[in-house]
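Undergrad: Sharing a structure with you now.
Numbering (the working numbering), first residue to last: 102 to 391.
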């Protein structure tokens, strides 16, 4: 998907991007987060985000264009005003509220990023893949393709939610590490940038949920969590955990995935008191009634 060309040319400092299926992430540094000076808000969209994000969770949602917040070397479109509050409601409904209800408000206050950067279009990489979002050192998450907002379009919605939960998981492991023993399960099977040549079945055979998850243990963990949350229990289990007589070559990888899922669930339960099964059920119920 080509990036829309417009009058906004990104000139911020460069960083390396990857792509997770249709969306990638990075943990490289851009500019450090700096709290905004206190000003009187008059814009109704700014006021809405202040009341729903900044005031309760100390998170500033950047939707007015500022090219210092976005990676260099790409033409991108700023988000449209009329999609921003609906996007904010999507974030609340499928990210904030489920984690608050299951993990508690204090968990979100300690882990929610201080900044969310909103971009209207995608970012096109040199290899032809697109980047839909990325996290930076636990302080910033960037979401893209927001001008395509359509809450009734399940493909678009699930792509956004995979990016959201993948990038939020980066913030979690940046603060707490990956589950103990996680990276030891098939650690020799991580293949770095060669992930781009893999099919989904080949990734599963290696014990990862997606080709991008074969990059390293961090992307593996983030892909596992995001897939676990955005897929139904039945679909996740069928695709990643249960033996398929038609594909016996995947059995070893699925055995590793079963072990990783158990470590992941124990990690969230012991560290944060979060039952990942209940969290997934909550998100899936909201997707079902959307």
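Built from N, CA and C at the ideal position, the CB exists for glycine as well.
No experiment lies behind these values; they were computed from the predicted model shown.
From the DSSP output, in three-state form, read off residue 219 for me.
TA: As a first step, residue 219 is located in the chain shown; it is residue number 118 there, counting from the start. The answer is strand: DSSP assigns residue 219 an E or B state.
Undergrad: Determine the extent of the beta strand (DSSP E) in which residue 286 is found, giving its start and end residues.
TA: Here residue 286 refers to the residue found at position 185 of the chain shown. Counting along the chain, residue 286 falls outside any beta strand (DSSP E), and DSSP gives it neither H nor E.
Undergrad: Helix, strand or coil for residue 162? Go by DSSP, reduced to three states.
TA: As a working note, residue 162 is residue 61 in the chain shown. Strand.
Undergrad: Taking only the alpha-carbon atoms, compute the straight-line gap between residue 155 and residue 206 and give it to the nearest angstrom.
TA: The residue labelled residue 155 in the question sits at position 54 within the chain shown. The residue labelled residue 206 in the question sits at position 105 within the chain shown. Cα to Cα, residue 155 sits roughly 14 Å from residue 206.
Undergrad: With 16 as the cutoff for other CB atoms within 10 Å, does residue 124 come out buried or exposed?
TA: Mapped onto the chain shown, residue 124 falls at position 23. In this predicted model, residue 124 has a pLDDT of only 38, less than 50, meaning its place in the structure is not dependable enough to derive any value.
Undergrad: Thinking C-alpha only, which one of 379, 359, 333 is nearest residue 389?
TA: On the chain shown, position 288 is the one that residue 389 refers to. Nearest option by C-alpha distance: 333.
Undergrad: Compare the beta carbon distance of residue 379 and residue 198 with 8 Å and say whether it is the shorter of the two.
TA: Within the chain shown, numbered from 1, the residue matching residue 379 stands at position 278. Within the chain shown, numbered from 1, the residue matching residue 198 stands at position 97. Cβ atoms of residue 379 and residue 198: not closer than 8 Å.
Undergrad: Just tell me which of 245, 273, 253, 339 has its CA closest to the CA of residue 261.
TA: Here residue 261 is taken as the residue at index 160 of the chain shown, counted from 1. Comparing Cα-Cα distances from residue 261 to each of 245, 273, 253, 339, the minimum goes to 245.
Undergrad: Going by DSSP, which residues form a beta bridge with residue 224?
TA: For the purposes of this step, residue 224 is taken as the residue at position 123 of the chain shown. DSSP lists 232 as partners of residue 224.
Undergrad: I need the straight-line Cα distance from residue 250 to residue 385, nearest angstrom please.
TA: Stepping through the chain shown from its first residue, residue 250 is reached at position 149. Stepping through the chain shown from its first residue, residue 385 is reached at position 284. Cα to Cα, the separation comes out at about 19 Å.
Undergrad: Closest to residue 341 by CA distance: which of 356, 253, 331, 327 is it?
TA: Here the question's residue 341 lines up with position 240 in the chain shown. Checked all of 356, 253, 331, 327; the closest Cα to residue 341 is 356.
Undergrad: For residue 148, count neighbouring C-beta atoms within 10 Å of its own C-beta (all shown protein chains included) and say buried if the count is 16 or more, exposed if not.
TA: Locating residue 148 in the chain shown gives position 47, where the first residue counts as 1. Under this definition residue 148 is an exposed residue.
Undergrad: Can you look up residue 250 in the DSSP assignment and give me helix, strand or coil?
TA: For this step, residue 250 is matched to residue 149 along the chain shown. Coil.
Undergrad: What separation, rounded to the nearest whole angstrom, lies between the Cα atoms of residue 253 and residue 157?
TA: On the chain shown, position 152 is the one that residue 253 refers to. On the chain shown, position 56 is the one that residue 157 refers to. If I take the Cα positions, the gap works out to 28 Å.
Undergrad: Just mark residue 312 as buried or exposed, buried being the case when its beta carbon has 16 or more other beta carbons within 10 Å.
TA: In the chain shown, residue 312 corresponds to position 211, counting from 1. By the neighbour-count rule (16 or more Cβ atoms within 10 Å), residue 312 is buried.
Undergrad: State yes or no: is the beta carbon of residue 271 nearer than 8 Å to at least one beta carbon in chain C?
TA: Protein chain content of the structure displayed is limited to a single chain, and chain C is not contained in it.
Undergrad: Between the region 357 to 375 and the region 175 to 186, do at least 3 Cβ pairs fall closer than 8 Å?
TA: no
Undergrad: From what residue to what residue does the alpha helix (DSSP H) around residue 352 run?
TA: Stepping through the chain shown from its first residue, residue 352 is reached at position 251. Here the alpha helix (DSSP H) through residue 352 covers 352 to 373.
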